[in-house]
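All the letters of the sequence shown, read from the start, carry residue numbers 2 to 340 under our numbering. C-beta: ideal position from N, C-alpha, C; glycine also. This report refers to the structure that appears directly beneath it.
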Amino acid sequence: MGKKINIFMLLFSLSILFSCNTDGKKKVYTNYFQENGEIFTTSYNIKYAYSRSLKNEITDELNRFDLSLNPFKKNSIISKVNKNEPVELDSFFITVFNKSVEVSENSNGYFDITTSPLINAWGFGFQNMDSVTPELIDSLRQFVGYEKIAINDGGEIIKNDSRVQINTSAIAKGYSCDVVANLLESYGIENYMIEIGGEVSAKGVNEKGVCWRIGVDKPNDEAIFIEHELQTILSLCDKSLATSGNYRNFYVKDGKKYAHTINPKTGYPSETDILGATVIADNCITADAYATAFVAMGLDKSIKTAEGLVDVEYYFIYANEDGTFGTIYSSGFEQFFAN
């Protein structure tokens with residue numbers, strides 16, 4: 002059963018903190034490298050302890066990842082799948098696809114990568130929203146459903162309708178953290194922090210010899226324009242963390258705010274009582290997918306689903322009926338609050 006704390010501010014955008022306590026519990030590391038860049042039109046920040054910079058190796062690996070799962074690249078694997086062109090699937094694509102199916106099944110379809118037509122219609126993909134009608138949404142929903150697409154034993158994509166398309170934005174950033182983590186570990190690196198678009202994978206300790214400290218902001222709808230204020234700080238060792246929330250990624254049209262999380266059941270932007278979700282798991286692909294699923298599912302369904310998952314901890318911001326906000330977190334999440 003989760004623990005509840007009433008608050009009056011939303012949280013959830015991540016801030017990485019490189020200043021840490023100096024309690025002297027562990028060895029102090031000094032030879033840390035920090036790499037910054039961009040992938041999927043979002044920034045990344047990677048810090049690790051090693052004898053030399055791996056900037057080129059990291060860039061090459063992320064470029065390969067980008068060529069697999071970036072729907073805005075015409076020659077990417079995912080673009081060819083969506084256009085029904087012949088293509089050989091790589092391990093990046095297959096891993097994301099298989100994990101997506103797993104989370105879709107566990108969430109009763111609230112996580113679904115086949116929502117691409119709906120994402121585009123609502124202006125969060127290739128198109129700007131012009132005129133969305135109930136008739137349009139109904140017509141697009143016939144192509145939505147994770148069971149409508151599969152990978153056969155020969156490693157080929159099979160669709161039950163050629164108009165089915167996929168969008169992996171709700172899981173790809175998280176998996177890209179895992180991809181970089183695997184690269185660093187292939188060089189024997191045991192201490193690193195990878196942040197890509199707000200999703201985080203961390204292992205070992207930072208320069209001060211303590212777990213990586215991750216700050217959680219107090220955001221609001223205007224947070225992009227104001228200085229971030231931290232709500233709480235988490236301590237992360239050998240875990241991954243992802244967040245999902247509608248307070249940042251949205252747009253306003255004719256006075257109405259449209260959130261980026263699409264409910265596959267209705268075809269409309271999610272309007273559940275969960276306003277933001279942070280998930281901690283053993284890998285970031287899992288954390289990222291469930292954070293998105295929980296926002297679409299709502300509080301009661303999310304808590305029930307999370308109770309059946311292994312090594313998945315949650316922290317939810319939810320709306321009360323009286324207009325105030327509260328938080329609820331799993332019993333296992335408490336260990337990650339920094340002292």
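Stretch-stretch touch, CB-based, cutoff 8 Å, three pairs: the segment 268-282 with the segment 318-326: With the rule of 3 Cβ pairs closer than 8 Å, the segment 268-282 counts as touching the segment 318-326.
Where G38 sits in the DSSP three-state scheme: Here the question's residue 38 lines up with position 37 in the sequence shown. Three-state result, G38: strand.
N- and C-terminal bounds of the beta strand (DSSP E) containing G202: Position 201 of the sequence shown, counted from the start, is the residue given in the question as residue 202. The displayed chain sequence assigns Ser, not Gly, to residue 202. Its beta strand (DSSP E) spans residues 200-204.
T306, buried or exposed, once every other Cβ within 10 Å from all chains shown has been counted against 16: Along the sequence shown, one-based indexing puts residue 306 at 305. The residue in question, T306, is buried, as its Cβ has 16 or more Cβ neighbours within 10 Å.
Buried/exposed call for Q166, threshold 16 Cβ in 10 Å: As a first step, residue 166 is located in the sequence shown; it is residue number 165 there, counting from the start. Q166 is buried by the Cβ-count criterion.
Distance between F98 and L385 (C-alpha atoms, nearest Å): Nothing can be reported for residue 385: it is not among the residues displayed for the chain, which extend from 2 to 340.
Contact the segment 207-219 vs the segment 232-248: 3+ CB pairs below 8 Å: Three or more Cβ pairs drawn from the segment 207-219 and the segment 232-248 lie within less than 8 Å of each other, which places the two stretches in contact.
From R164, I195, D323, G155, residue whose alpha carbon lies closest to that of S39: For the purposes of this step, residue 39 is taken as the residue at position 38 of the sequence shown. Before going on, a small fix: residue 39 reads as Glu here, not Ser. Nearest to E39 by C-alpha distance, out of R164, I195, D323, G155, is I195.
Straight-line Cα distance separating D323 from T96: If you number the sequence shown from 1, residue 96 lands on position 95. If you number the sequence shown from 1, residue 323 lands on position 322. So the two alpha carbons sit approximately 43 Å from each other.
Which of helix, strand or coil DSSP assigns to K160: Here the question's residue 160 lines up with position 159 in the sequence shown. Strand, per DSSP.
Burial state of G156, where buried means 16 or more other Cβ atoms lie within 10 Å: Working through the sequence shown from its first residue, we reach residue 156 at position 155. Burial state of G156 is exposed, judged by a 10 Å Cβ sphere holding fewer than 16 other Cβ atoms.
Rounded separation between I329 and I47 - CA only: Translated into positions along the sequence shown, residue 329 becomes position 328. Translated into positions along the sequence shown, residue 47 becomes position 46. A direct Cα-to-Cα measurement between I329 and I47 gives close to 30 Å.
Beta-carbon spacing of K240, I190 below 8 Å: Translated into the one-based positions of the sequence shown, residue 240 becomes position 239. Translated into the one-based positions of the sequence shown, residue 190 becomes position 189. Between K240 and I190, the CB-CB gap reaches or exceeds 8 Å.
Exposed unless 16 or more other CB atoms sit within 10 angstroms - verdict on Y188: If you number the sequence shown from 1, residue 188 lands on position 187. Answer is exposed; the Cβ neighbour count stays below 16.
Reduced DSSP category for S241 - H, G, I as helix; E, B as strand; rest coil: Locating residue 241 in the sequence shown gives position 240, counting from the first residue. Reduced to three states, the DSSP call for S241 is strand.
Three-way DSSP call (helix, strand, coil) for G333 in this model: For this step, residue 333 is matched to residue 332 along the sequence shown. Correct three-state label for G333: helix.
DSSP state of I59 mapped onto helix, strand, coil: In the sequence shown, residue 59 corresponds to position 58, counting from 1. Helix at I59.
Range of the contiguous alpha helix (DSSP H) that encloses L141: By one-based count along the sequence shown, residue 141 stands at place 140. Taken as a continuous stretch (DSSP letters only), the alpha helix (DSSP H) holding L141 covers 135-142.
Three-state secondary structure assigned by DSSP to F112: Position 111 of the sequence shown holds residue 112. The three-state reading of DSSP puts F112 in coil, since its state is none of H, G, I, E or B.
Nearest residue (CA-CA) to N168, options N57, A182, P87, A122: Taking the first residue of the sequence shown as position 1, residue 168 is located at position 167. The shortest Cα separation from N168 among N57, A182, P87, A122 belongs to A122.
Meets three-Cβ-pair contact criterion under 8 Å: the segment 295-305 and the segment 100-119: Yes: the two stretches touch, three or more of their Cβ pairs being nearer than 8 Å.
Environment of S54 [buried if 16+ CB atoms lie within 10 Å]: Along the sequence shown, one-based indexing puts residue 54 at 53. Label assigned to S54: exposed.
Counterpart residues of P270 in DSSP-defined beta bridges: Position 269 of the sequence shown holds residue 270. Among the bridge pairs identified by DSSP, P270 is matched with I263.
Start-to-end residues for the beta strand (DSSP E) that takes in A50: Within the sequence shown, residue 50 is the residue found at index 49, counting from 1. Per DSSP, A50 belongs to the beta strand (DSSP E) from 43-50.
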